[in-house]
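> Quick one: this structure, given as structure tokens, is what I'll be asking you about.
Protein chains: 2
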Amino acid sequence: MADTVATMMDYPLTLNHLLTRMKEVYPIQEVVSQRPDKSNTRQTYANIHDRAQKLARALLKAGVGKGDRVATLAWNHGSHLECYYGIPAAGCVMHTLNLRLSPTDIGYIAAHADDKIIIVDDVLLPLYDQFKDNIPAHRTIVIPFGGRVPDGMENYEEFIETCTDDIVLPEIAETDGCAMCYTSGTTGDPKGVIYSHRSMVLHSMIGATPDVLGLSNTDCVLPVVPMFHANAWGIPYAGTMVGAKFVFPGPHLDPESLLTQFMTEKVSFSGGVPTVWLGILQTIEKDPAKYEALRGLRTAVGGSAAPPAVIRRFQELGITVLHAWGMTEMSPLGTVAQVKPHLAEKGDDVYFSYRARQGYATPFVDLRHRDSDGQILPWDGKSMGELEVRGPWIASSYHNYPEAADRWSNDGWFRTGDIVTMDDEGYVQITDRSKDVIKSGGEWISSVDLENAIMGHPAVAEAAVIALYHPKWDERPLACIVLKDGEALTKTELDAHLLDEFAKWQLPDDIVFIDEVPKTSTGKFQKLALRKQFEDWQWGKDQRMAI
Amino acid sequence: MADTVATMMDYPLTLNHLLTRMKEVYPIQEVVSQRPDKSNTRQTYANIHDRAQKLARALLKAGVGKGDRVATLAWNHGSHLECYYGIPAAGCVMHTLNLRLSPTDIGYIAAHADDKIIIVDDVLLPLYDQFKDNIPAHRTIVIPFGGRVPDGMENYEEFIETCTDDIVLPEIAETDGCAMCYTSGTTGDPKGVIYSHRSMVLHSMIGATPDVLGLSNTDCVLPVVPMFHANAWGIPYAGTMVGAKFVFPGPHLDPESLLTQFMTEKVSFSGGVPTVWLGILQTIEKDPAKYEALRGLRTAVGGSAAPPAVIRRFQELGITVLHAWGMTEMSPLGTVAQVKPHLAEKGDDVYFSYRARQGYATPFVDLRHRDSDGQILPWDGKSMGELEVRGPWIASSYHNYPEAADRWSNDGWFRTGDIVTMDDEGYVQITDRSKDVIKSGGEWISSVDLENAIMGHPAVAEAAVIALYHPKWDERPLACIVLKDGEALTKTELDAHLLDEFAKWQLPDDIVFIDEVPKTSTGKFQKLALRKQFEDWQWGKDQRMAI
């Protein structure tokens with residue numbers, strides 16, 4: 002059967018091809034970086050290429066070996082892009098440390114990853130000092146923006162010049178690791194995944210397609226999403242693959258600084274979490290005419306759900322908000338809320354309701370959702386189950402953390418922890434996190450749906466619905482309600498309000514009034530605290546005034 | 002080092018994912034096919050999926066094995082798309098027979114490929130009858146558009162219903178073959194290449210990106226380029242991956258039929274050879290107002306160079322012509338003539354000069370050009386050498402044809418046979434075919450450049466420049482000129498005309514007047530015939546009037 006073998010070249014999918022392409026095809030394309038002092042530095046792609054190559058050779062000269070982790074603790078800028086390409090070109094794994102985590106966590110993560118070399122922005126040295134002693138033997142390279150390089154650390158500019166031409170870059174297989182990220186670790190230890198050259202290349206190819214991020218040589222891209230967070234959603238790789246101009250904001254992520262860069266550098270594509278865009282919207286609203294030139298800007302929004310009203314208002318301003326969903330374990334792109342033409346024709350309300358969903362899977366991401374018995378559910382727009390994903394840029398395990406093997410199904414799908422419905426055209430709607438969904442008598446009730454409905458009652462300021470143990474139904478919902486000043490509410494009144502939308506068995510069994518819903522530092526409900534507070538709840542004993 | 006291994010899933014890149022995606026994500030998207038009687042048939046993606054699955058199971062039931070070739074002899078239509086997915090889903094290699102070749106060649110090709118089953122449009126049976134007896138034992142399945150299915154052949158509609166649910170589709174590895182095409186064989190035997198699932202998937206991913214074909218779910222795609230020619234440039238796979246609406250023209254490739262479909266089905270993307278677009282342009286010019294709705298249409302043009310004036314005129318009409326270059330051995334996409342923003346700013350003349358080039362490489366296509374000594378040439382915009390290519394969707398050999406191993410360099414690059422210059426931003430300009438370039442004293446002279454310049458002389462109707470043996474310089478150019486009626490030209494006059502553009506050593510040594518340049522059926526110069534006619538040329542003996 003040898004004569005039926007495909008006759009295609011065995012050409013590996015590595016980031017090195019993209020690095021070479023930067024110099025060969027787009028040598029004079031620009032990379033603009035805003036420095037800590039707010040001045041802009043301008044580099045060309047050819048310059049980034051040359052310096053990334055120097056960095057790779059210098060790393061090898063410094064003695065790192067294949068697969069060794071080289072970490073970065075850095076804002077978004079050109080030198081970080083050099084690390085994105087130079088570290089993998091040396092055969093190493095670039096480990097981006099998330100500077101938003103606690104110093105304790107960052108130290109744990111750097112030690113767990115066994116980072117051999119850490120490349121740090123000088124402006125981040127005060128943070129670095131808080132955890133560097135927790136990391137085993139390592140070298141520190143400081144990217145100098147004006148600050149002094151402390152004793153015992155090396156200057157990045159001098160370090161890359163230690164490279165010599167006799168150092169040969171290693172052959173890279175497409176399955177070799179190129180980068181790693183840790184999840185933020187809201188539950189349990191932070192856990193890391195190692196991306197391969199192949200996974201990153203495929204993620205870039207699909208990321209660039211029109212219905213995902215849609216990146217072109219004609220674009221000017223400003224990633225607000227940090228390069229230390231989930232590969233900045235793959236934008237640095239996908240964007241350089243197509244030769245886009247880049248504008249990196251450095252540490253300046255306030256609305257005024259971003260809007261100034263958008264306007265002066267003629268940014269056409271951006272991406273960031275909803276809070277960034279809420280801030281930008283508030284600034285624009287103060288003087289919409291001033292920002293008229295932003296019409297045509299597209300931006301990806303992810304990390305958490307963007308409010309539909311915000312998506313709609315941006316659209317009125319001529320700015321397209323592309324709602325995307327993914328996870329660090331997914332490189333991160335999973336779904337994008339593109340609206341199919343036949344749905345877009347159904348009017349604004351339908352259109353924006355789809356724009357605010359999680360969207361449908363990108364090519365080469367498989368989705369399914371299963372109930373608590375492991376049954377695969379129909380895509381009927383109503384059956385709720387945990388979303389599971391599969392694909393070439395999705396993790397198959399955590400790095401050195403076998404304890405979390407239960408995050409994968411027996412047949413190898415990654416369990417996202419998100420409770421979703423899927424409709425008959427593949428649109429995903431997240432209804433809950435799996436830890437918050439109420440598992441009642443084999444059926445699931447969305448705590449988020451109940452909360453939204455309860456908060457729609459005029460007497461209610463805020464509400465969290467939690468699952469508590471029930472001897473007969475396993476779990477039942479308890480509604481924890483913050484009333485508006487001077488208002489009152491009975492369970493009978495609330496039931497009447499909810500019965501428009503919910504079946505009787507889905508209603509909270511009891512309600513309890515509290516002063517406020519406990520929240521995390523980013524404003525998310527801390528339901529775990531509520532569950533702990535009410536863990537001994539006696540159903541039906543009318544304790545609502547007892548708190 | 003096990004702990005440094007990437008933790009990504011081992012997920013194969015196969016067409017089966019795209020087939021499943023058609024039903025899961027885009028079930029109600031439309032596929033319109035124009036039948037031989039000019040009526041339109043409408044299918045959904047879900048229907049195409051189901052029928053492709055049936056075809057796959059029916060093929061397995063019919064006894065084909067992994068890697069067996071199943072051929073098609075068919076126009077562009079929905080059932081051909083079913084073959085594009087169904088044949089590979091059975092683990093077979095879809096072999097698209099080029100119905101434009103001579104019956105002798107098609108018979109040779111089908112026999113060389115060892116096609117086990119041939120799926121034929123009923124309207125193509127008269128052609129099929131001319132070569133079917135030259136193919137060893139095989140089964141014939143006829144796609145019925147109204148004609149009778151001859152004895153000894155099977156009806157496609159009945160054949161796919163022979164599938165049974167107990168037939169399990171095979172596991173596919175991404176390196177398995179999925180399709181094959183033969184080159185037209187202008188020199189020597191037709192030669193085939195076998196694409197792998199992996200190569201086709203990667204080609205689709207890059208093909209869909211904005212700067213290559215730029216395909217989206219919002220597009221309506223009409224591929225004029227035949228599905229029997231170089232995978233219709235990958236449009237069927239890339240387009241279904243993103244969920245585009247398809248309109249297949251069947252056998253109706255005349256300008257009026259195409260324009261009617263463009264208008265009524267609201268086509269947004271098309272692709273075909275220059276002659277198709279010349280015909281369409283002529284029809285539009287008769288009544289441009291009638292075709293105003295075509296503004297916004299984009300079309301890929303390849304196969305041979307499109308005249309710059311045509312590209313420009315289409316742009317005035319609001320139709321973007323995307324000049325692309327590739328080869329059957331390259332799946333076929335290699336370069337696309339996108340104009341970088343900084344070049345587009347330099348005014349229309351620069352802009353359109355770039356639009357008319359071959360363009361720069363798509364991601365994951367490597368280019369280089371080498372001189373006759375094998376030296377890699379600089380990308381300086383003037384050094385001429387043979388273009389060589391490398392990449393994951395480029396052939397590494399021909400199928401069962403070791404005699405042509407010299408088409409690959411010792412280090413594994415495919416030698417395209419095109420003589421090119423490369424500029425410092427990667428733009429390719431084809432200056433000649435390697436068999437036509439004049440290799441004079443170690444330097445190369447472009448026959449095409451000389452021809453274009455000579456045809457710019459007012460006395461000349463047509464000219465072909467050929468390389469002939471020269472005892473001192475190895476080869477020297479002979480200009481074969483067709484004069485306009487009543488005109489005359491001396492070598493001295495011609496030299497004076499050419500010296501504006503060429504160095505003295507590049508000028509033709511002699512000129513000869515002929516009645517016409519011999520041409521192929523597609524209008525290309527048959528220089529081989531001229532070289533044969535003048536092979537005993539005595540340089541400098543002034544034989545110009547002797548013909």
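So the protein sequences, as listed, match chains A and B.
This note's numbering applies: residue 2 is where the first sequence begins, and numbers increase by one.
This note's numbering applies: residue 2 is where the second sequence begins, and numbers increase by one.
For every residue, glycine included, the Cβ atom is placed at its ideal position computed from N, Cα and C.
These numbers were taken from a predicted model, which means no experiment stands behind them.
Which residues share a DSSP beta bridge with M228 of chain A?
Start at 1 with the first residue of the first sequence, and residue 228 of chain A comes out as number 227. According to DSSP, which records beta bridges pairwise, M228 of chain A is partnered with nothing at all.
> Looking at V322 of chain A and T336 of chain A, is the spacing between their C-beta atoms short of 8 Å?
The count along the first sequence starts at 1 and reaches residue 336 of chain A at position 335. The count along the first sequence starts at 1 and reaches residue 322 of chain A at position 321. No.
> Evaluate I29 of chain A with the Cβ neighbour count: other Cβ atoms within 10 Å of its Cβ, from every protein chain shown; 16 or more gives buried, anything less gives exposed.
Position 28 of the first sequence holds residue 29 of chain A. With fewer than 16 other Cβ atoms within 10 Å, it is exposed.
> Nearest-angstrom Cα distance between S397 of chain B and E389 of chain B?
Locating residue 397 of chain B in the second sequence gives position 396, counting from the first residue. Locating residue 389 of chain B in the second sequence gives position 388, counting from the first residue. In a straight line, the C-alpha of S397 of chain B is about 12 Å away from that of E389 of chain B.
> Could you confirm whether any beta carbon from chain B is found closer than 8 Å to the beta carbon of L14 of chain A?
The residue given as residue 14 of chain A occupies position 13 in the first sequence. At least one chain B Cβ lies under 8 Å of L14 of chain A.
> Excluding sequence positions up to five away, which residues of its chain have a Cβ less than 8 Å from the Cβ of S205 of chain B?
Residue 205 of chain B sits at position 204 when you count from the first residue of the second sequence. Taken in chain order, the residues that qualify are L19, G235, Y238, A239, M242.
> With 9 Å as the limit, tell me which residues of the stretch 10-44 of chain B have their beta carbon closer than that to any beta carbon of chain A; keep them in chain order.
Result list: M10, D11, Y12, P13, L14, H18, L19, T21, R22, E25, V26, Y27, P28, I29, Q30.
> Cβ of A396 of chain B less than 8 Å from any chain A Cβ?
In the second sequence, counting from the first residue as 1, residue 396 of chain B sits at position 395. So yes, A396 of chain B belongs to the interface.
> When DSSP labels each residue in this structure, what does T493 of chain B get in the three-state scheme?
Position 492 of the second sequence, counted from the first residue, corresponds to residue 493 of chain B. T493 of chain B: helix per DSSP, three-state reduction.
> Less than 8 Å separating the beta-carbons of M385 of chain A and W445 of chain A?
As a first step, residue 385 of chain A is located in the first sequence; it is residue number 384 there, counting from the start. As a first step, residue 445 of chain A is located in the first sequence; it is residue number 444 there, counting from the start. Closer than 8 Å, so yes.
> Hey, quick one: how far does the alpha helix (DSSP H) through S185 of chain B stretch, first residue to last?
On the second sequence, residue 185 of chain B is found 184 positions in, with the first residue counted as 1. Neither: S185 of chain B is in no alpha helix (DSSP H) and is coded neither H nor E.
> Roughly how many whole angstroms lie between the Cα atoms of G297 of chain A and I320 of chain A?
Position 296 of the first sequence, counted from the start, is the residue given in the question as residue 297 of chain A. Position 319 of the first sequence, counted from the start, is the residue given in the question as residue 320 of chain A. Near 6 Å, if we compare the C-alpha coordinates of I320 of chain A and G297 of chain A.
> Identify whether T261 of chain A lies in helix, strand or coil by the three-state DSSP scheme.
The sequence position of residue 261 of chain A within the first sequence is 260, counting from 1. Residue state, collapsed to three classes: helix.
> Given a threshold of 16 other Cβ atoms within 10 Å of its Cβ, counted over all protein chains shown, does K528 of chain B qualify as buried or as exposed?
By one-based count along the second sequence, residue 528 of chain B stands at place 527. So K528 of chain B ends up on the buried side.
> Which of helix, strand or coil does DSSP assign to I431 of chain B?
The residue labelled residue 431 of chain B in the question sits at position 430 within the second sequence. Note: I431 of chain B maps to strand in three-state DSSP.
> Going along the chain, which residues of its own chain have a beta-carbon closer than 6 Å to the beta-carbon of T8 of chain B, five neighbours each way excluded?
One-based indexing of the second sequence puts residue 8 of chain B at position 7. Result list for T8 of chain B: empty, nothing under 6 Å.
> Is there a Cβ of chain B sitting closer than 8 Å to that of M228 of chain A, yes or no?
Within the first sequence, numbered from 1, the residue matching residue 228 of chain A stands at position 227. Not an interface residue.
> At 3 residues or longer, and completely inside the stretch 314-371 of chain B: list those beta strand (DSSP E) runs for me, N to C.
Whole beta strand (DSSP E) segments, 3+ residues: 321-327, 334-337, 367-371.
> Examine the Cβ distances between the stretch 446-455 of chain B and the stretch 500-512 of chain B and report whether three or more of them are shorter than 8 Å.
Yes, the stretch 446-455 of chain B touches the stretch 500-512 of chain B.
> Does the beta carbon of Y399 of chain B come closer than 8 Å to any beta carbon on chain A?
Along the second sequence, one-based indexing puts residue 399 of chain B at 398. Closer than 8 Å to some Cβ of chain A, the Cβ of Y399 of chain B qualifies, so yes.
> Along chain A, in chain order, which residues have C-beta atoms closer than 8 Å to that of V243 of chain B?
One-based indexing of the second sequence puts residue 243 of chain B at position 242. Neighbours of V243 of chain B on chain A, chain order: T210, P211, D212, P364.
> Mind the definition here: the stretch 419-430 of chain A touches the stretch 460-469 of chain A only if three or more C-beta pairs lie below 8 Å; say whether that holds.
In short, these stretches do not touch, since the Cβ pair count stays below three.
> What would DSSP say about M2 of chain A, mapped onto helix, strand or coil?
As a position in the first sequence, residue 2 of chain A is number 1, starting the count at 1. The predicted model places M2 of chain A with a pLDDT of 42, which falls under 50 and marks its position as unreliable; any figure quoted below should be read in that light. DSSP places M2 of chain A in coil when its eight states are reduced to three.
> Do E175 of chain B and L14 of chain B count as a contact pair if the criterion is CB distance below 8 Å?
Residue 14 of chain B sits at position 13 when you count from the first residue of the second sequence. Residue 175 of chain B sits at position 174 when you count from the first residue of the second sequence. Taking 8 Å as the Cβ cut-off, L14 of chain B and E175 of chain B qualify as a contacting pair.
> Roughly how many angstroms separate the alpha carbons of I110 of chain A and K133 of chain A, rounded to a whole number?
Numbered from 1 along the first sequence, position 109 holds the residue referred to as residue 110 of chain A. Numbered from 1 along the first sequence, position 132 holds the residue referred to as residue 133 of chain A. Roughly 11 Å between the two C-alpha positions.
> Are there 16 or more other CB atoms within 10 angstroms of the CB of S271 of chain A, so buried, or fewer, so exposed?
The residue you call residue 271 of chain A lines up with position 270 of the first sequence. Flag for S271 of chain A reads buried.
> Below 6 Å CB to CB, which residues in the same chain sit around M181 of chain A once its five sequence neighbours on both sides are set aside?
By one-based count along the first sequence, residue 181 of chain A stands at place 180. If we look at M181 of chain A and ignore the five residues flanking it on each side, its Cβ neighbours are V94, H96, G193, I195.
> Cβ atoms of S197 of chain A and D177 of chain A: under 8 Å apart, would you say?
Start at 1 with the first residue of the first sequence, and residue 177 of chain A comes out as number 176. Start at 1 with the first residue of the first sequence, and residue 197 of chain A comes out as number 196. The answer is yes: Cβ separation under 8 Å.
> Locate the alpha helix (DSSP H) running through A111 of chain A, then write down its first and last residues.
For the purposes of this step, residue 111 of chain A is taken as residue 110 along the first sequence, with counting starting at 1. That run of the alpha helix (DSSP H) goes 104-114.
> Bridge partners of V438 of chain B, per DSSP?
Against the second sequence, residue 438 of chain B aligns to sequence position 437. None; V438 of chain B has no bridge partner.
> Considering only residues of the same chain and omitting the five flanking positions on each side of G79 of chain A, which have a CB-CB separation below 7 Å?
What you label residue 79 of chain A is simply residue 78 of the first sequence in a count that begins at 1. Correct list, in chain order: V32, S34, T42, Q44, I49, F249.
> DSSP three-state call for E404 of chain B: helix, strand or coil?
Translated into the one-based positions of the second sequence, residue 404 of chain B becomes position 403. It is helical.
> Quick one: which unbroken beta strand (DSSP E) runs of 3-plus residues sit fully inside the stretch 457-501 of chain B? Chain order, please.
Listed in chain order, they are 461-471, 475-484.
> Looking at the strands, I want to know which residues DSSP matches up with G386 of chain B.
For the purposes of this step, residue 386 of chain B is taken as residue 385 along the second sequence, with counting starting at 1. DSSP output for G386 of chain B lists B:V421 as bridge partner(s).
> Tell me whether N77 of chain B is buried or exposed, calling it buried when 16 or more other Cβ atoms sit within 10 Å of its Cβ.
Within the second sequence, the letter at position 76 stands for residue 77 of chain B. That one is buried.
> If we call anything under 8 Å between Cβ atoms a contact, is D419 of chain A one with R408 of chain A?
Mapped onto the first sequence, residue 419 of chain A falls at position 418. Mapped onto the first sequence, residue 408 of chain A falls at position 407. For D419 of chain A and R408 of chain A, no; Cβs fall outside 8 Å.
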